[in-house]
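Since the structure comes first, as structure tokens, the remarks are kept for the end.
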Amino acid sequence: MTAVEEISRERCVAASAAVLARAERATREHEDVFQVHAVGLDWTIGVRVYEPDEIAVGADGRRIGAFFLHGGQDDWRQMEPWARTMARRFGWKVVVGTFPGRLYLSDPSRNWPGDTINADGTVRTPIWLDGETITPDQYQVRHDRSMRMRYGTRTVVHARPGSRFYDRMAGWPLAMEAGMAHAMARHFPSSEYSIYVQGHSTGGPMVCMLSQRVPNVQGILAAENSPFGYISRRQHAWSGSLGKVEGYERIRTTAHDRHDPFYELYLRSWRDLARYRGPEALGTEGPSALMRLPWLMEEIFDEWHEQLVRPLFKCEYVITHAVEESLCAAANATADRLGLGDAARAELVDHYLGLTRELRGADVKPVPNVLFGISRNSRDHSRDVYEEVIMPMFARMDAPPRIALQHFQAGVHTVWRAEPELPLGIMPAMSLEWDRAIKDGYFTS
Amino acid sequence: MTAVTDWTPAPTISRDDIVHASEEVLALPDRPYTEREDVFRVEALGLQWDIGVHVYEPADPAAIAVGGDGKKIGGFLLHGGQDDWRQVEPLARLLTGKFGWKTVAGTFPGRLYLPDPSRNWPGDTLNPDGTARTPIWLDGEYVTPDQYDIVKDAGNRARDGVRTLARAKPGSQFYYRMAAWPAAMEAGMVEANRRHFPVDEYSIYFQGHSTGGPMVSMLCQRVPNCAGVLAAENSPFGVVNGRKHTWGGTLGKIGSYERTATKAPAKSDPFNELYLRTWRDLARYRGPEALGREGPQALMRLPWLMEEILAEWAQQTERPRFKCEYPITHNIRPSLIAAAEVSARRLGLDEDRTRALVEQFVGYTEPLTGPDVKPVPPFLFGISKDSRDHSPEVYAEVIMPLFAAMTPPPKIALTRFMAGVHMIWTPEQDLPMGITPAVVQQWHDAIVNGWFVVPAA
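Chain order of the listed sequences is U and S. Take my numbering: the last position of the first sequence gets the number 445, and nothing is skipped along the way. Take my numbering: the last position of the second sequence gets the number 902, and nothing is skipped along the way.
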């Protein structure tokens, strides 16, 4: 496999047809909800397990396990099409995590009721522990237009200091670490499995963080998977946070650093679809997409309406964009609550900051090999930013992992999005490349 | 009468010159003027119709500006397809307040919210209970929900998105009004001009924004003292406008970007269909305009662009925001014939009079011809830089040649203003009233310098 490989649209179509023609294996699916303890609080974590009767084996002779994380506004359901493809068509055992607080524990359907922003001024809020709800007196609603070019007007809530909401917002990063590591330990015993992790978008910095903390993670399947937080911050700075679409120049090249406070929860709206659908339309249709703007807007509103049962809130920027001052503040708020002394406090701050970058040192598990995959029309994941920013930063790590980039000449950021001849987008083609890489030993070198 | 002048409109006016003209016009001293509404009733095809116009008149009648033909300058303005007189009020105030014209802004029949003096329409065009906003053609007469069916139309989704329509049920008063309003448009607007612009005192210059354009084109031969058409972003006669839209595949063209479509089926809107507007009808302009102004990168800020559209729509819901003029503006002859025949049957007309009514309706879309007919007066076309439906190419390839082929051909000229959008009063950088001041300055110069004075044949 070369460092950068172009995968033509024709190859994507052929791979898609081949994968979808494969016989489906019998697979069991179940939810696993458990509790972990982190920073003095209990957290309810839920994952979804997809387990074929016969599990495939990689080049290292071990069973193939995959741990998937969804993007920033979703839950396990976002990754289900991919999990089912890997389990049923390739025989992998797949566990799909859900970020702490995102699982709608109040209903077995896991469907969130209503909208993210209610007519009475209240908002949808995370459920970090079964039975614990955030009441409106614990937050203030605000509107933020400081990043209007990318997001439009953002509706956010600020947790009030002293509230349980505030404590949870300060503590969740360690619940993410503990919960996801525990999920992998429960389902992928080290003695049996090599685990390959994939985090869609915002899930990417989380699986990067986890890749050194879970002993049997063997590789990162980084398809439209944002990298470690400190690299992701540079990735966004490269285009002034506006990204780039193939065939068009960057609009901005000066950094636009984020300063999201840790106590800020972002409530998503149709705007968060529009910020992808606009650049994607530019890539797939060209400028003429603006000539059919009413239709494009209808598509966005319809899609948003269908998504309302998903969580659609987010607070991970502090890790994904390495907002260090906010991580320090979160660690200190947690230390205050726990009454930690200076040494323990400093250790906690280091722990938080360490969530955004690779662990370094003699006794540390190195970053495993990474197979990057990007689509043709993804605003934040252009070949240019991978070649100019992301891959050089991986190469400069103390113990640089093996890396390669596959550039698929079709598809968008949400790689399973259907397009002509590609009913599951480029996801089947990426899956085939993953399976081949594992079985050909890419991750064992 | 002043001799024909050498003054000619520039083919292109640069952005710098537009900014300069805007500054100059806005710095002109304000002339005192009065504003008032005039609501009157006309009869057409056996029905009564309430017509409302807004009148802007210099406080001192002696101060009304005089054109190159020695007559007082009257301006008759018509709004675009979804609005009322308020849309063209900025234009009217500029013409009267800065240049001393007497200006009358008409409102299409049915668009004036007669129950409230504010004329603000309540609620939205589409109500949560499934009912829709409907025209008020006569004070006190309301269209009830049993008179229509709500229909969704995705037939031209690329341009319009999904359209919501109220389709009048045959036999209802709504149905008969929808069949007859073209005659009320003619009668009402002719009467408005007669009431406010006596033939012996005024030369009238017409301007119809967008959908208002085919209406003033129709009226320009039916009002004896109409001396010219100030056709800035003013769609032409229906028969020409239909060809214009076909040329752009109904999607139009922006700047140097290629046409996205070059073929389109002819529009076939039935006469009994009322189109309820939504934010989509802003988006179909704002998208192409953003492409012209910002380039493809406008798609990189789509959330913000959508917010702008939704916010603009929210501010506009007190305006009528419904429309039924396509049979005239797009020359949909089968619908005009059907409307005339429905009216004829209602009135019990015989075959000859039915045929005459059909000819009258079909005639609304094209210039009148014949030896005793007033010729089409001069048209001074003006287009903005970023208007999807009014590109220089469609004027060069379709509109101007079709005017040149008329009998007799009217005097025509085209100026392209290198700024602005379809709604020429939309503000942009350095242009607080868009290109309107520059356009108005050109109109005034053309009139006082005699460009519209046509030598007797």
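Backbone N, C-alpha and C define an ideal beta-carbon position, used for all residues, glycine too.
Tell me the residue span of the alpha helix (DSSP H) that contains residue i.
i	result
LEU750/S	747-761
GLN493/S	Per DSSP, GLN493/S belongs to no alpha helix (DSSP H); it is in the beta strand (DSSP E), 492-503.
ASP605/S	602-605
When the Cα of residue i is compared with those of the options, which residue comes out closest?
i	options	result
ALA510/S	TRP546/S, GLU482/S, ASP495/S and TYR501/S	TRP546/S
THR552/S	LEU473/S, GLY606/S and ALA637/S	ALA637/S
ALA181/U	SER201/U, ALA66/U and LEU340/U	ALA66/U
GLN666/S	HIS465/S, ARG861/S, PHE682/S and GLY497/S	PHE682/S
PRO669/S	GLY827/S, THR453/S, ARG640/S and ASN601/S	ARG640/S
ALA783/S	ASP714/S, GLY827/S and ASP795/S	ASP714/S
ALA599/S	ARG725/S, ARG688/S, LYS516/S and PHE544/S	ARG725/S
ASP817/S	ARG791/S, GLU796/S, SER788/S and THR852/S	THR852/S
GLN140/U	ARG292/U, ARG213/U and ARG160/U	ARG160/U
MET863/S	ALA624/S, LYS830/S and ASP528/S	LYS830/S
HIS499/S	TYR840/S, ARG746/S, GLU646/S and PHE485/S	PHE485/S
LEU727/S	ALA613/S, ARG800/S and SER832/S	SER832/S
ARG742/S	ASP107/U, ALA87/U, SER378/U and LEU290/U	One point to set straight first is that residue 742/S is Gln, not Arg, in the sequence displayed. Of ASP107/U, ALA87/U, SER378/U and LEU290/U, the residue nearest in Cα terms is LEU290/U.
GLN406/U	ARG436/U, GLY283/U and PRO423/U	ARG436/U
MET206/U	VAL96/U, GLU298/U, SER109/U and GLY373/U	VAL96/U
ARG417/U	LEU273/U, ASP60/U, MET297/U and GLU358/U	LEU273/U
GLN805/S	MET663/S, PRO562/S and GLY606/S	MET663/S
If you reduce the DSSP assignment to three classes, tell me which class residue i lands in.
i	result
ILE55/U	coil
HIS413/U	coil
GLY204/U	helix
THR155/U	strand
TRP452/S	coil
TRP295/U	helix
ASN332/U	helix
GLY519/S	strand
VAL19/U	helix
GLN874/S	coil
ASP572/S	Here residue 572/S is Asn; the residue named in the question, Asp, does not match the sequence. Residue state, collapsed to three classes: coil.
MET446/S	Note that MET446/S has pLDDT 44, beneath the 50 cutoff, so the model's placement of it is unreliable and the number below is only indicative. DSSP places MET446/S in coil when its eight states are reduced to three.
CYS671/S	strand
LYS614/S	coil
GLY657/S	helix
LEU547/S	A quick correction: the sequence has Lys, not Leu, at residue 547/S. Reduced to three states, the DSSP call for LYS547/S is strand.
ILE231/U	helix
TYR139/U	strand
GLU421/U	coil
PHE862/S	strand
Whose C-beta lies closer than 7 Å to the C-beta of residue i among residues of the same chain, with five residues either side of it excluded?
i	result
ARG268/U	GLN73, THR116, LEU312, PHE313 and LYS314
VAL533/S	LEU522, HIS524, ALA550 and HIS654
TYR317/U	ARG258, ASP260 and VAL323
PRO428/U	ALA15, SER16, VAL19, LEU20 and THR85
LEU792/S	LEU490 and GLY491
PRO136/U	THR122
Along the chain, where does the beta strand (DSSP E) containing residue i start, and where does it finish?
i	result
ILE7/U	4-7
ASP107/U	ASP107/U -> no beta strand (DSSP E), and no H or E assigned at all.
LYS93/U	93-97
LYS597/S	593-598
PHE446/U	With chain U covering 1 to 445 only, the question about residue 446/U has no answer from this structure.
PHE68/U	63-69
Excluding five sequence neighbours on each side, which residues of the same chain lie with their C-beta closer than 6 Å to the C-beta of residue i?
i	result
ALA333/U	ALA170
THR457/S	ARG861
TRP582/S	TRP494, PRO554, GLY555 and ARG622
TRP888/S	LEU675
ALA329/U	PHE262
LYS768/S	GLY526, GLN527 and TYR720
Return the Cβ separation of residue i and residue j in integer angstroms, given the expectation that the two are a contact with Cβ distance under 8 Å.
i	j	result
SER445/U	ARG396/U	In fact, because the Cβ distance is near 20 Å, the residues do not count as touching under 8 Å.
VAL674/S	PHE651/S	5 Å
GLY152/U	PRO837/S	Wrong, their Cβ atoms sit about 33 Å apart, outside the cutoff.
TRP112/U	VAL309/U	6 Å
Excluding the 5 residues flanking residue i on each side, which residues of the same chain have their C-beta closer than 8 Å to its C-beta?
i	result
HIS775/S	GLY683, ASN686, GLY687, HIS690, ALA711, LYS712 and ASP714
PRO872/S	MET878 and GLY879
TRP566/S	TYR558, ARG578, THR762, GLU763, ARG764, PRO765 and ARG766
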